[in-house]
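Undergrad: Following this message is one structure expressed as structure tokens.
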């Protein structure tokens with residue numbers, strides 16, 4: 086994706102960047118808990134705990150997340166602390182990549198939501214592989230988009246995802262764990 090407003094895929098090759106900042110959406114740029122809760126209520130008739138959610142069949146979880154990030158996407162609240170970090174990275178010349186485990190079926194709504202809050206980005210990658218989980222998708226895409234880059238910083242809220250980035254990075258990435266509380270400072274982890 087190029088440009089903040091148009092959401093049109095770039096036809097040409099992206100220029101090589103030595104500095105890349107990669108941001109997750111849910112729990113990082115936005116608090117999306119209310120989106121998920123609303124979708125759970127519509128589909129299941131009740132809100133469930135995190136453990137109950139992950140015990141659901143994969144197809145049911147996909148239905149919930151697809152509904153959450155289409156019909157209920159406006160319930161996601163921006164995390165301005167992280168959005169402002171993203172903006173400063175963009176202004177400093179970083180290639181800004183948004184990498185999310187959201188299904189590619191939610192891509193257009195996701196672009197419109199990012200634009201609504203003036204979140205600039207160079208590229209957006211949603212999970213187009215139905216059979217690959219969020220963390221596996223992110224690892225595949227990170228290996229591809231960071232190749233040849235000297236300075237890579239990743240902002241994510243998932244501890245398990247960050248542990249996976251550690252294995253991939255061989256010490257080349259700087260990872261920032263974003264805490265769920267809106268006023269909490271991000272924690273930098275040098276890996």
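Residue numbers (the working numbering): 86 to 276. The beta-carbon is built from N, C-alpha and C at its ideal position, and this holds for glycine as well. Only a predicted model underlies this, so the values are computations on that prediction, with no experimental measurement involved.
Where in the segment 190–230 do unbroken runs of the beta strand (DSSP E), each at least 3 residues long, occur, reported from the N-terminal end onward?
TA: For the segment 190–230, whole beta strand (DSSP E) runs of length 3 or above, ordered along the chain, are 208–212.
Undergrad: Residues bridged to residue 179 by DSSP?
TA: Looking at the DSSP assignment, residue 179 forms no beta bridge with any residue, so it has no partner.
Undergrad: Check whether the Cβ atoms of residue 210 and residue 230 sit closer than 9 Å, and answer yes or no.
TA: yes
Undergrad: Within a Cβ cutoff of 6 Å, which residues of the same chain sit near residue 98, ignoring the five residues on either side of it in sequence?
TA: The predicted position of residue 98 is uncertain, since its pLDDT is 48 and thus under 50; a value taken from the coordinates is nonetheless stated next. A distance below 6 Å between beta-carbons, with the five flanking residues on each side excluded, links residue 98 to no residue of its chain.
Undergrad: Helix, strand or coil: which one does DSSP assign to residue 118?
TA: helix
Undergrad: Count the other CB atoms within 10 Å of the CB of residue 139; is the residue buried (16 or more) or exposed (fewer)?
TA: exposed
Undergrad: Kindly identify the DSSP beta-bridge partner or partners of residue 106.
TA: Beta-bridge pairing links residue 106 to 181 and 238.
Undergrad: What does the Cβ neighbour count give for residue 232, buried or exposed, with the cut at 16 atoms within 10 Å?
TA: exposed
Undergrad: Please say whether residue 204 and residue 172 have beta carbons closer to each other than 9 Å?
TA: yes
Undergrad: How long is the line joining the alpha carbons of residue 125 and residue 118, rounded to whole angstroms?
TA: 11 Å
Undergrad: Locate the alpha helix (DSSP H) running through residue 136, then write down its first and last residues.
TA: 135–140
Undergrad: With which residues is residue 162 paired in a DSSP beta bridge?
TA: 116
Undergrad: Hey, residue 238 and residue 106 are a contact pair by Cβ (cut 8 Å); roughly how many whole angstroms apart?
TA: 5 Å
Undergrad: Let me know if residue 186 comes out buried or exposed under the rule of 16 or more other beta-carbons within 10 Å of its beta-carbon.
TA: Result: buried.
Undergrad: Do residue 200 and residue 111 come within 9 Å of each other at the CB atom, strictly closer than that value?
TA: no
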